[in-house]
Every structure is written in C-alpha cells, then in structure tokens.
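First up is the structure itself, then whatever we jot down about it.
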Amino acid sequence: MAKSIGVVLSDRVTAGLVEDHQLVGSLQEFPKNLDQNGLIEIPKEELCHLICDAVSELAPAGTEITAVGVAVPGIVIKGVLEDSPNLPQLKGTHVCNDVSSELKERGLNYPVSLCNDADAVAAGVAATRQEFDRLLRVWTIGNGIGFGRYPYTEGAWEGGHMVVTLDPKERYCGCGGKGHLEGIMGNRAMRLRFLDMEPEEVFAAAKQGDKRCADFVDLWHRALAAATASQIHLEGPGRFYYTGRDIQRLDLGLLRQYLYEMVKMSPLQNYTVEVLPEERTRTVVGAAVAAERGYRC
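Take -7 as the starting number for the sequence shown in the numbering used here and just add one per residue.
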C-alpha cells in the first residue's frame, strides 16, 4: 500500500505516517518543548524546518512515500499561503516550494502539497467514513471558525468570514470586516463582546438563565445556521459535519430548528447535519489523503 505523510500546523506541528487512509503508529509533535504562545512567534524559516524535521523523522531517506500533505489555517492558493491571521509570519509564503527545497537538501525527494486545515478535516472525514463519492462540508469550531469541503474545489472558501448579519455594530471579526460569522462565534470576538467573561463562562451563564448570555447563545446558533443555509442555497443540500475543539457549545437541535426556518425550498431540504468529536488524527489523515488525491502546488 502507498504511504503518505500528513502534517498539520495549529498550536504546534503535528504529523503522522498514513497508509491505506489509516494512521500508522502514533502522532508526532514538534517542537518537543513549546510555550503557550504556540507557533505564532516562530519565524517562518524555523516553521519550515519543523515541518521537514517531522517528515524526516517519520520517513527517513529510502522510505517510499507517495505524497506529503501540509495543512495550515488560512487562504491557500496553488501552494501559497495567501493570508493567515493565525500564522501571520507565513503570509505570502510559497510553503510548498520552501518545504520541497529543504527536503531535497536532506535527500528526501517527496512531492509536497498544501491545503487549508478545514479542507484536511473534510478529507479526513471522507477517508475515515469511506465517503469519497459524496459532497461533504465541515464547520470547525475553535478559536476561529473554519469551513472545509470535500472534494476540493479551488477558491478562497473562507466560510468563517461569511456575512451573516447586516447590523453595523457587529464588528468583532479579527479581519476587521463587519457582520462576519467569526465575529460572532470566534473566541476573540466573544471576549471583545463581553469583556469580563470568557467564552466558556458565557455559555455556562446562558444555561443558568442569564438573559444577555442566553440571547447571545441564540445569536451564535442563528449565525451558524445562516452560514450553513447559505451554503445549501449556493451548492445544494448534502452532508454537513460540525467538529472542533469547542464543539461542545453546539446544540444540534437548536441548529436544526433554525435551519428549518431558513431553508424552505423542498429540493434543498435533503440535507443532514452531524456532530463529530474533535480528533487530531482525522486532520492528519486528511492532509495526507488530500495530497494523495491531487492537491498540488
């Protein structure tokens, strides 16, 4: 069976060897010692070194590797990370070329591809559920909001920055845009909105009956439903998955209720929504599978 490597950049570099769409062995993390600021303070050259360190450790010279897939947060166009608020030092970097060049210097002539991390999650869902023949869309809920799609179609696909409200006061998105989904659902946005409360405290207070917090949690779910409904109206119905570090905030019943209110054309009502627990393995496998299936620089 063909072997490939998946590498994911999030709070650290996580990598794994993948064979037949399954992880072989355990995930590896780089660097081994990392402070709470994560990767954001590591220079781009060192980040490329870390990616290559991960590949070298998992597949030393002589290993038959079909592809190396690197997944990053941000807008990815033909191997270039065009923009990434989470990794600003990589903005405009041709990550594929840089990683490929360094791997060749190390005697490793492996083809490298780059994809958005949410697209890697979508590919991972397709691989682990053997749903390569279906259109899958994934929302990832964490510090920010990601949108992934399988099969991949070229485009920005910045679903977290979809406009879900025309209220000019909704200006909490980190990109500076008004009315964005992430400006409601993102952790940074929630901290700016409430100032004296952490996101977890907001959701806990809503359950205790705090009206302001309960109204916000309602808005949070309506915003996600609006973004999902917009995708349905643009690309049609299908399967939507919701996952991520903070997926426990999602009330699937409430989301379904708002989707029902927003999607009324009968040909578009054949959609399904499902929650998946966050699994780092899924994203690593997805990065590898995406590389195997034709994501190229």
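Where is the CB? At the ideal position from N, CA and C, for every residue including glycine.
No experiment lies behind these values; they were computed from the predicted model shown.
- Listed in chain order, the beta strand (DSSP E) elements of length 3 or more contained wholly in the segment 101 to 139 are 104 to 108 and 128 to 133.
- Burial check for V16: the Cβ neighbour count within 10 Å stays below 16, so the residue is exposed.
- Counting C-beta pairs closer than 8 Å gives three or more between the segment 156 to 163 and the segment 172 to 180, which meets the contact rule.
- Sixteen is the threshold: since fewer than 16 other Cβ atoms of the shown chains lie within 10 Å of the Cβ of C167, the residue is exposed.
- Around the CB of E192, fewer than 16 other CB atoms lie within 10 Å, so the residue is classed as exposed.
- For T220, the closest alpha carbon among the candidates K199, L260, F208 and L184 is that of L260.
- The three-state secondary structure of G201, taken from DSSP, is coil.
- Within the same chain, and ignoring the five residues on either side of V72 in sequence, the residues whose Cβ sits closer than 6 Å to its Cβ are H86.
- Residue burial is scored here from C-beta neighbours: G152 has at least 16 other C-beta atoms within 10 angstroms and is therefore classed as buried.
- For Q81, no alpha helix (DSSP H) run applies, since DSSP gives it neither H nor E.
- Shown here, E266 sits in a strand according to DSSP, grouped into three states.
- When DSSP assignments are scanned along the segment 212 to 250, the uninterrupted stretches of beta strand (DSSP E) that are 3 or more residues long and fall wholly within it turn out to be 231 to 235.
- For Y252, the secondary structure class from DSSP, reduced to helix, strand or coil, is helix.
- Closest by C-alpha distance to L1, out of A(-6), H41 and K(-5), is H41.
- Contact check for M254 against A218 passes: the beta carbons are separated by less than 8 Å.
- Residue G147 holds the alpha-carbon nearest to the alpha-carbon of G66 among G147, E56, A283 and Q249.
- Between the segment 108 to 122 and the segment 32 to 47, the count of C-beta pairs closer than 8 Å stays below three; the two stretches do not touch.
- Excluding its 5 nearest sequence neighbours in each direction, V10 has C-beta neighbours in its own chain below 8 Å: K(-5), S(-4), I(-3), G(-2), V16, V276, V277, A280 and V281, listed in chain order.
- Per DSSP, reduced to three states, the secondary structure at K(-5) is strand.
- Per the C-alpha coordinates, the member of L50, G228, W212 and E38 positioned closest to G136 is W212.
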